[in-house]
Amino acid sequence: MITADPGSTQNVVLARLLACERGLLDAYTHGKFSSAPADLVTFGRELHAKHLSSLMALVAEHGFCVPQEVDDGWMRGRTLAQAEQLSHETWHDALLDLEPRVARCLRDEVLPDHLYLLRRWQAATGEPLELGAESRGPF
Numbered sequence: 120m121i122t123a124d125p126g127s128t129q130n131v132v133l134a135r136l137l138a139c140e141r142g143l144l145d146a147y148t149h150g151k152f153s154s155a156p157a158d159l160v161t162f163g164r165e166l167h168a169k170h171l172s173s174l175m176a177l178v179a180e181h182g183f184c185v186p187q188e189v190d191d192g193w194m195r196g197r198t199l200a201q202a203e204q205l206s207h208e209t210w211h212d213a214l215l216d217l218e219p220r221v222a223r224c225l226r227d228e229v230l231p232d233h234l235y236l237l238r239r240w241q242a243a244t245g246e247p248l249e250l251g252a253e254s255r256g257p258f
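When we follow this note's numbering, the leftmost residue of the sequence shown carries the number 120, and every step to the right adds one.
The structure is reproduced here in structure tokens:
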């Protein structure tokens, strides 16, 4: 359960995941991937801003104040499409470790959006992306 305790395991995991989500949003916002199609960058930025807002609202309901750090180190050496794929897989893999309301938000809102965005990246760039996380089954 999410608590106000920043040291609880779930809160540490959630804080790290949200820092990575901020890193991805930052990459979209500040054009760190100049070769990306502009319409896809705009769409991705809007989706990630919406996800971050939804997740932060859920977390705030429990009194947990998530540090506002940004982590983009995990994106180094990757294209934006590859970063999207890794983000999707990481959130999917974290489902069982998160509070049920947060997991539902991920399952119902974030993960389907990620898959849609990944498909758009694949169509726009021709970059081979593995979309296998959708077939892993529900948590």
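For every residue, glycine included, the Cβ atom is placed at its ideal position computed from N, Cα and C.
If you check the CB distance, His167 and Leu144 come in under 8 Å. Taking one beta carbon from each stretch, the stretch 162-177 and the stretch 219-235 have 3 or more pairs nearer than 8 Å; the two touch. A Cβ-Cβ separation of about 21 Å leaves Gln129 out of contact with Leu205 under the 8 Å criterion.
Relative to Thr161, the option among Gly196, Pro247, Trp240 and Leu174 whose CA is nearest is Trp240.
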